[in-house]
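Quick notes on the structure that follows.
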């Protein structure tokens, strides 16, 4: 029974009316909600705002490094310190290392571009920052609905966005309503803001429907994998920020690492691999495990205990990959659009700023009794903002670094240290990440060492620490356009690449009772990183939202 048949039999859906509906309870979505309520209070106007969050609670699906630039937060909530915002560990020192297999060279801080200097920034758990922003939004009167996944965009007869619908609950694997079946709700809005994060499920549909990428370079992504450790107090230095480039990746593969010291003797350690890599034998998860064995890194982790694990794709294309931000009835904000500054490895400040700018444009339109039109003031305000200037200065970073570590580092140094970001040229990405993968016959398999269970780990024990859970008897949220492609193409040509690019052990190849090869999808393991949706070479895998509340439950990520 398909979606429309369910509505025909069990409908009509309950409908709720709002001035603005926001999809996604991360920094961008919550900041937009807060700004809308601030403006309405200042004007003495009534404004109804709703935030939908697919995680079991606000913050449950939020994962980032994270070193946070507080500039946008200070603009939005100037008294954030007095209000108890969880920005408590100020950066105390920066180190940038180039790693060889057993060596490390620290770059003198005087030679570091400004993007790698973090004075005045804070080491944070972005999940906890999001929880705090959620509290501020609710205190202002925003309706925050956690555990509700927006699964469908709703349109007016003229083709403008008029809201979203949440997913049906209690549908079994065969698509039939079970004993606990509930029809999803329709949330109608005069404007709808989409803040799902990188490679959002609905955002991808909007990109195609309105051709939002038409004037931009292809968006490119990185996969960030992160762990939280409690370490030996003697090796802990609150506020220390360490970044590395080089080993274990080869010169031609974009990536790097971060190791940030929080309070309570905790560090966050993570690894980012650009998803434009060519070798199907490469495993970002295994590269991360190898990275932790480097003497400069294991120095901090030896004798410690791993507390948490997670993974998430990040949109790293920068300014030239930004799509059209607006369309009739709505807008893209935060990482949904791709506002992350890859050169700074920071996106939360950009998410907050973009959410605030979109909110201001939506409020101005509502004050003029407009609805379902194009919020042209939002991209204009972005172009006039400090965020545009910041991204414009860094516009070539990912493009240069994708050309190799040494050439990329030299050119980034030239642009940022010598030219101060005022270069007369602009580079553009030429192809999407899935187009970069080459057949396995061009490469030798990579022999990754077995995990030791102390410093390095396997996928399943890692997923366990992410507190991931999905209702088992529900339709698969990792869907295939053509069920024959994984074996006929991915296994035969790319050596089963999905078994390696997934950091959660979702995909494996086995055999049927007749001995034929088959792809097995362990959707229960999915941490919603979106890597499969991005890197699958035939774009045959399509990630769709599972039942609300499913997925990881990050506590301090």
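Residue numbers (the working numbering): 64 to 620. Every residue, glycine too, gets a C-beta built ideally from N, C-alpha and C. Note that the coordinates shown come from a computational prediction; the quantities given were computed from them, not determined experimentally.
query = Can you name the start and end residues of the beta strand (DSSP E) that residue 306 belongs to?
reply = 303-309
query = Which whole runs of the beta strand (DSSP E) in the segment 535-585 are 3 residues long or more, in chain order?
reply = 541-543, 570-574, 580-584
task = Measure the alpha-carbon distance for residue 220 versus residue 479 and round it to whole angstroms.
result = 49 Å
request  = Could I get the ranges of all uninterrupted alpha helix (DSSP H) runs contained in the segment 130-213, with 4 residues as the minimum, in chain order?
outcome  = 134-139, 189-202
Neighbourhood of residue 215 by C-beta, 7 Å cutoff - its chain only, sequence neighbours within 5 removed = 227, 228
ask   = At which residues does the beta strand (DSSP E) containing residue 251 begin and terminate?
value = 249-257
ask   = Exposed or buried, which one is residue 253 when buried takes at least 16 other CB atoms within 10 Å?
value = buried
query = Cα-Cα, which of 357, 372, 511 is closest to residue 365?
reply = 357
key: DSSP-derived helix/strand/coil call for residue 85   = strand
ask   = alpha helix (DSSP H) containing residue 594: first to last residue?
value = 594-598
ask   = Based on the DSSP output, what are the partners of residue 330 in its beta bridges?
value = 292, 324
inquiry  = Taking DSSP's pairing of strands, which residues face residue 286 in a bridge?
reply    = 336, 376
ask   = Excluding the five sequence neighbours on either side, which residues of its own chain have a C-beta within less than 7 Å of the C-beta of residue 619, listed in chain order?
value = 188, 190, 191, 291, 371
Cβ shell of residue 410 (< 6 Å), same chain only, five flanking positions each side left out = 398, 403
query = In the DSSP assignment, what residue or residues form a beta bridge with residue 368?
reply = 293
message = Quick check on residue 100: buried or exposed, where buried means 16 or more other Cβ atoms within 10 Å of its Cβ?
response = buried
task = Can you say whether residue 481 is buried or exposed, counting buried as having 16 or more other CB atoms within 10 angstroms of its CB?
result = exposed
ask   = Mapping DSSP to helix, strand and coil, what is residue 464?
value = helix
query = Among 457, 542, 196, which has the Cα closest to the Cα of residue 589?
reply = 542
request  = Flag residue 426 as yes when its Cβ comes closer than 7 Å to any non-hydrogen atom of the ligand MG, and as no otherwise.
outcome  = Ligands are entirely absent from the displayed structure, and the ligand MG is therefore not among its contents.
inquiry  = Given this structure, state the Cα-to-Cα distance separating residue 257 from residue 147, to the nearest angstrom.
reply    = 27 Å
key: Residue of 375, 361, 439 minimising C-alpha distance to residue 391   = 439
inquiry  = Starting from residue 270, trace the alpha helix (DSSP H) in both directions and tell me its first and last residue.
reply    = 264-273
query = Who are the Cβ neighbours of residue 236 in its own chain at under 8 Å, not counting the five residues just before and after it?
reply = 536, 537, 538, 539
request  = Compare the C-alpha of residue 500 against each of 489, 599, 584 and name the closest.
outcome  = 599
inquiry  = Can you list, in chain order, the residues of its chain with a C-beta nearer than 7 Å to that of residue 460? Leave out the 5 residues immediately preceding and following it.
reply    = 381, 405, 406, 475
inquiry  = By the three-class DSSP mapping on this structure, what secondary structure does residue 217 have?
reply    = strand
task = Go ahead and label residue 289 buried or exposed: buried means 16 or more other beta carbons lie within 10 angstroms of its beta carbon, across all protein chains shown.
result = buried
message = For residue 109 and residue 436, I'd like the C-alpha separation in whole angstroms.
response = 21 Å
ask   = Between which two residues does the beta strand (DSSP E) carrying residue 488 extend?
value = Note, residue 488: premise wrong, no beta strand (DSSP E); not H, not E.
request  = For my contact list, residue 318 and residue 337 are in at a C-beta cut-off of 8 Å; report their separation, rounded to the angstrom.
outcome  = 6 Å
task = Look at the alpha carbon of residue 224 and the alpha carbon of residue 271, and state the distance between them as a whole number of angstroms.
result = 14 Å
Proximity test, Cβ basis, 8 Å: residue 577 and chain C = In the displayed structure, chain C is absent; only one protein chain is listed.
Opening and closing residue of the beta strand (DSSP E) in which residue 244 lies = 240-245
ask   = What residues in its chain sit with their C-beta under 7 Å from that of residue 593, if we drop five residues either side in the sequence?
value = 261, 262, 376, 606
Chain-order list of residues whose beta-carbon lies under 6 Å from that of residue 196 (same chain, five-residue window excluded) = 93
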